[in-house]
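Undergrad: Quick note on numbering: our numbering labels position 73 of the sequence shown as 166, and the sequence is numbered without any gaps.
Quick reminder that beta carbons are idealized off the backbone N, C-alpha and C, glycines included.
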Amino acid sequence: MLDVVELSRRFGGLRAVDGVSLTLPEGGITALIGPNGAGKTTFFAMLAGFVRPDSGTVRFAGTDITGWRPDLIARAGLVRTFQITQPFAGLSIAENIRVGAFLREPSPAAAMDQARAIGTRLGLGGMLDRPAGSLTVAGRKRLEVARAVATRPRLLLLDEVMAGLNPSEIQEIVGLIREVHAGGVTILLIEHIMAAVVALASHAHVLAQGRLIASATPRALAENQAVIEAYLGHGAAARMAAHA
Ligand SMILES: Nc1ncnc2c1ncn2[C@@H]1O[C@H](COP(=O)(O)OP(=O)(O)OP(=O)(O)O)[C@@H](O)[C@H]1O
Ligand SMILES: [Mg+2]
94 MLDVVELSRR FGGLRAVDGV SLTLPEGGIT ALIGPNGAGK TTFFAMLAGF
144 VRPDSGTVRF AGTDITGWRP DLIARAGLVR TFQITQPFAG LSIAENIRVG
194 AFLREPSPAA AMDQARAIGT RLGLGGMLDR PAGSLTVAGR KRLEVARAVA
244 TRPRLLLLDE VMAGLNPSEI QEIVGLIREV HAGGVTILLI EHIMAAVVAL
294 ASHAHVLAQG RLIASATPRA LAENQAVIEA YLGHGAAARM AAHA
């Protein structure tokens, strides 16, 4: 469904994403993990058209979408969420979800019906008419997912939708992601919380300093020496083994 070849982007002298290639099968849940600053969000931004790649190609559902505008990529069915959520605080939660629904539904009333149905399905039912500015962090994450789902994506890119949540809120978001996936959406998620990655993803890719350094099942990656060193520094795997 997604075929990325040698994708790269520099910011000044920094190689934020450096020759990353990966393919994603249709229908799965895959994770993208890696330390802070590894280039994960920049990678998502390039897939979704928010950052232009310096080189490389992105093929989605058989079409080369490299360099396309975000709205055209979204219309093709590839949509991202944002790590830093910025709902329209003065609009209601339903109106915020409707912003997503407008991608495919021009009628305001019909788009609102869709928004309310999606909000209800994703656990925002009791609060749809409240201003989005009144939401907690967990509620804002939920709204961010609902707004993206309202565009009816085929591939949804989730950027740290569990960051800042407590364990029970994380459990709820794991359930919500399963619900979205069960609705037929392929998912690629950036996540630091490994328990959630293990619970959700059948496969994970590891980015470190812009490069893809490993791809395997989440459980196998947790024991991979290169992955441990990417997170904890050179020699960390050996130090951990010595103390085991
Ligand atoms: N617009 C930009 N201009 C300059 N540098 C940028 C820009 N966007 C990202 N960077 C830099 O590129 C590198 C990768 O950033 P990115 O946000 O993609 O990492 P990340 O893996 O998502 O990190 P985190 O886990 O902290 O969210 C970082 O060093 C960051 O400072
Ligand atoms: Mg990021």
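1. Comparing the CB of GLY72 with every heavy atom of ligand 1, is any distance shorter than 7 angstroms?
2. DSSP on PRO224, reduced to helix/strand/coil?
3. For ligand 2, I want to know if GLN264 counts as a neighbour, meaning its beta carbon is within less than 7 angstroms of at least one of the ligand's heavy atoms.
4. Just the Cα atoms here: how many angstroms apart are LEU165 and ARG197?
5. Could I get the ranges of all uninterrupted beta strand (DSSP E) runs contained in the segment 244 to 291, with 3 residues as the minimum, in chain order?
6. Taking buried to mean at least 16 other C-beta atoms within 10 Å of its own C-beta, is HIS327 buried or exposed?
7. What I want to know is whether the C-beta of ALA131 ends up closer than 7 angstroms to one or more non-hydrogen atoms of ligand 1.
8. Is the beta carbon of VAL267 sitting closer than 8 angstroms to the one on ALA231?
9. What do you get for LEU107, buried or exposed, if any count of 16 or more other CB atoms within 10 angstroms of its CB means buried?
10. Our contact map puts LEU281 next to LEU300 with C-beta atoms below 8 angstroms; I'd like the distance itself, whole angstroms only.
11. Just to confirm my understanding: we take ARG342, look at its own chain, exclude 5 residues before and 5 after, and list those with CB closer than 7 angstroms. What are they?
12. Check whether the segment 234 to 252 touches the segment 197 to 215, counting contact only when three or more Cβ pairs, one atom from each stretch, lie closer than 8 angstroms.
13. If you draw a straight line from the alpha carbon of ALA315 to that of GLY112, how long is it in whole angstroms?
14. Relative to the C-alpha of ARG247, which candidate in GLY121, ALA138, SER185 has its C-alpha closest?
15. Which residues mark the beginning and the end of the alpha helix (DSSP H) in which PHE137 is found?
16. Suppose you measure from the CA of ALA275 to the CA of GLN264; what does that come to, to the nearest Å?
17. Which residues mark the beginning and the end of the alpha helix (DSSP H) in which VAL111 is found?
TA: Let me lay it out:
1. This structure cannot speak to residue 72, because the chain is shown only from 94 to 337.
2. Assigned with DSSP and collapsed to three states, PRO224 falls in strand.
3. Checking the Cβ of GLN264 against ligand 2 gives no.
4. Take the alpha-carbon of LEU165 and the one of ARG197: they are about 12 angstroms apart.
5. Those beta strand (DSSP E) runs which fall completely within the segment 244 to 291 and span 3+ residues are 248 to 252, 279 to 283.
6. By the 10 Å Cβ count, HIS327 comes out exposed.
7. Distances taken from the Cβ of ALA131 to the heavy atoms of ligand 1 include one shorter than 7 angstroms.
8. Cβ atoms of VAL267 and ALA231: not closer than 8 angstroms.
9. Exposed is the call here.
10. About 12 angstroms; that fails the 8 angstroms criterion.
11. Limits of the chain in this structure are 94 at one end and 337 at the other, which puts residue 342 out of reach.
12. The segment 234 to 252, when compared against the segment 197 to 215, does touch it at the 8 angstroms Cβ threshold.
13. Using only the alpha carbons, I get a separation of about 24 angstroms.
14. If you compare the alpha carbons of GLY121, ALA138, SER185 with that of ARG247, the shortest gap goes to GLY121.
15. Unbroken alpha helix (DSSP H) run through PHE137: 133 to 140.
16. Near 17 angstroms, if we compare the C-alpha coordinates of GLN264 and ALA275.
17. The question names Val, yet the displayed sequence has Asp at residue 111. Run containing ASP111: none in the alpha helix (DSSP H); it sits in the beta strand (DSSP E), 107 to 117.
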